[in-house]
Amino acid sequence: MEYLMKLRELELLHSLMTLGTVSDAARMLHMSQPNASKMLKKLESDFGFSLFERLNGRLHPTEEARMMFDHVEQTLRTLKRFNALTEDIREMHTGSLAIGGLPLLSRQWLPRALGKFMKSHPGVVTTLHTRSSKKLIEWVAERHIDIAVGMLMLDDPMVERSVLTSFEFVAAIPKSHALAARETIEARDLHGQDFISLSVLDHTRDKIFRHLADAHTAPRERAECSLPTVAIELVAQSIGIALVDHISATETRLDTVCYRRFAPTIRMDVWLMRPRMRPRSRVVDEFVTHLHDSVEAHRLSEPSAALFVD
Numbered sequence: 023m024e025y026l027m028k029l030r031e032l033e034l035l036h037s038l039m040t041l042g043t044v045s046d047a048a049r050m051l052h053m054s055q056p057n058a059s060k061m062l063k064k065l066e067s068d069f070g071f072s073l074f075e076r077l078n079g080r081l082h083p084t085e086e087a088r089m090m091f092d093h094v095e096q097t098l099r100t101l102k103r104f105n106a107l108t109e110d111i112r113e114m115h116t117g118s119l120a121i122g123g124l125p126l127l128s129r130q131w132l133p134r135a136l137g138k139f140m141k142s143h144p145g146v147v148t149t150l151h152t153r154s155s156k157k158l159i160e161w162v163a164e165r166h167i168d169i170a171v172g173m174l175m176l177d178d179p180m181v182e183r184s185v186l187t188s189f190e191f192v193a194a195i196p197k198s199h200a201l202a203a204r205e206t207i208e209a210r211d212l213h214g215q216d217f218i219s220l221s222v223l224d225h226t227r228d229k230i231f232r233h234l235a236d237a238h239t240a241p242r243e244r245a246e247c248s249l250p251t252v253a254i255e256l257v258a259q260s261i262g263i264a265l266v267d268h269i270s271a272t273e274t275r276l277d278t279v280c281y282r283r284f285a286p287t288i289r290m291d292v293w294l295m296r297p298r299m300r301p302r303s304r305v306v307d308e309f310v311t312h313l314h315d316s317v318e319a320h321r322l323s324e325p326s327a328a329l330f331v332d
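Using our numbering, you'd call the opening residue of the sequence shown number 23 and step up by one each time.
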């Protein structure tokens, strides 16, 4: 009948073959000598052949035992590597993490949050993809990435989502412009003003223009930009005024541009998105916790008062 060896029996067999005495093997394995002798006797009975010859107080492996030794040693090495792997997984010293992020979050905040996470988990291999919210939703639904930070443009049943934070729009104004003297820019102030808008491909554009329409305000569009940082650069050249998220504004401070609060307040939610049908990963869960902590630590949801100081 086939006999399946237990791990303790493998360890005893290996120790007996390398040390040569039952007492030394028992000491190494932290077991009593009688128990070690009993286990050896049972092994030989189960195998149906002798494993050792006893000469001059030492154990000498039989030819049959020698034939087994390489396999025993290889098995123990494999088990040791497996135990090390489970330890690494438990302590998150290994694994992979594929992240997607909006361009406005991927310039500074998200890489900084990711860098801090990587320092505490150096064995985790990470990838950061910068894409539009629409593409991020597609990639999450198709399981190309583990997690994404973006805006929810559509409700996909394959995407699990929760609000991570939100950002507020502020007015970016040339310092030489008359409106720069005001503390707050109201929607009606933009009527007829040269205006730099976000691209029609940007989900936030619709929300901005709905607010302007509600205020019966029609600015004069001079340019359209896919990135808020590009819009700010055009503001610096006095092409017009732009409404941009406060994160991009905070990260783009230019000598010829000032920022002012905008009323009524326009806010956009930033969502955390994960594949709905994928089992939870401890690495991803840890990164999500880290993201929430980073949002709180950097007060990401509110523009700082310093942003509005010229």
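We put the beta carbon where it would ideally sit given N, CA and C, even for glycine.
{"Asked": "Near E243, what residues of its chain come up, given a Cβ to Cβ distance below 6 angstroms and the 5 sequence neighbours on each side ignored?", "Found": "F217 and S219"}
{"Asked": "With distances taken from CA atoms, which of A170, T149 and V147 is nearest L158?", "Found": "A170"}
{"Asked": "Give the DSSP-derived three-state secondary structure of I167 in the structure shown.", "Found": "coil"}
{"Asked": "Can you tell me whether DSSP reads E190 as helix, strand or coil?", "Found": "strand"}
{"Asked": "Just the Cα atoms here: how many angstroms apart are R129 and F91?", "Found": "57 angstroms"}
{"Asked": "Specify, as a first and last residue, the run of the alpha helix (DSSP H) that P125 falls within.", "Found": "P125 to S128"}
{"Asked": "What I want to know is whether the C-beta of E31 ends up closer than 6 angstroms to one or more non-hydrogen atoms of the ligand HEM.", "Found": "Of ligands this structure carries none, so the ligand HEM is not represented either."}
{"Asked": "Shortest alpha-carbon distance to E164 belongs to which of V181, T148 and T152?", "Found": "V181"}
{"Asked": "Tell me A245's beta-bridge partners as DSSP assigns them.", "Found": "I218"}
{"Asked": "Return the chain-ordered list of same chain residues with a C-beta closer than 6 angstroms to the C-beta of D291, the five sequence neighbours on each side being excluded.", "Found": "V185 and S188"}
{"Asked": "In its own chain, which residues sit with a C-beta less than 8 angstroms from the C-beta of S326, not counting the 5 before and 5 after it?", "Found": "T272"}
{"Asked": "Applying the criterion that 16 or more other CB atoms from any shown protein chain within 10 Å of the CB defines a buried residue, is P286 buried or exposed?", "Found": "exposed"}
{"Asked": "Label L101 either buried or exposed according to how many other C-beta atoms from any shown protein chain fall within 10 Å of its C-beta, with 16 as the threshold for buried.", "Found": "exposed"}
{"Asked": "Helix or strand or just coil, what does DSSP make of M39?", "Found": "helix"}
{"Asked": "Can you tell me which residues form a DSSP beta bridge with W293?", "Found": "G172 and V185"}
{"Asked": "By DSSP's criteria, D267 is part of a beta bridge. Which residues make up the other side?", "Found": "F191"}
{"Asked": "May I have the straight-line CA-CA distance separating F231 from L136, to the nearest angstrom?", "Found": "34 angstroms"}
{"Asked": "By Cβ distance below 8 angstroms, which residues in the same chain neighbour H320 in space, the five residues on each side in sequence not counted?", "Found": "W131"}
{"Asked": "If I measure Cβ to Cβ from S260 and keep anything under 8 angstroms in the same chain, skipping five residues before and after, which residues do I get?", "Found": "P196, S198, H199 and T278"}
{"Asked": "In chain order, what residues of the same chain have a beta carbon less than 8 angstroms from the beta carbon of M23, not counting five sequence neighbours either side?", "Found": "Low per-residue confidence applies at M23: pLDDT is 47, beneath 50, and the placement is therefore not dependable, though the value from the model is reported in the following sentence. Excluding sequence neighbours, M23 sits near nothing in its chain."}
{"Asked": "Can we say the segment 302 to 315 touches the segment 137 to 153, given the rule of at least three CB pairs closer than 8 angstroms?", "Found": "yes"}
{"Asked": "For F309, list the residues DSSP reports as bridge partners.", "Found": "DSSP output for F309 lists no bridge partner at all."}
{"Asked": "Locate the beta strand (DSSP E) running through P301, then write down its first and last residues.", "Found": "Segment: none, P301 is in no beta strand (DSSP E) and carries neither H nor E."}
{"Asked": "Can you tell me where the alpha helix (DSSP H) holding E13 begins and where it ends?", "Found": "Since the first and last residues shown for the chain are 23 and 332, residue 13 lies out of range."}
{"Asked": "Just to confirm, is the Cβ distance from V147 to Y281 under 7 angstroms?", "Found": "no"}
{"Asked": "Give the single residue among E318, L126 and T97 whose Cα lies nearest to the Cα of K28.", "Found": "T97"}
{"Asked": "Measuring alpha carbon to alpha carbon, tell me which of L73, M295 and R283 ends up nearest L174.", "Found": "M295"}
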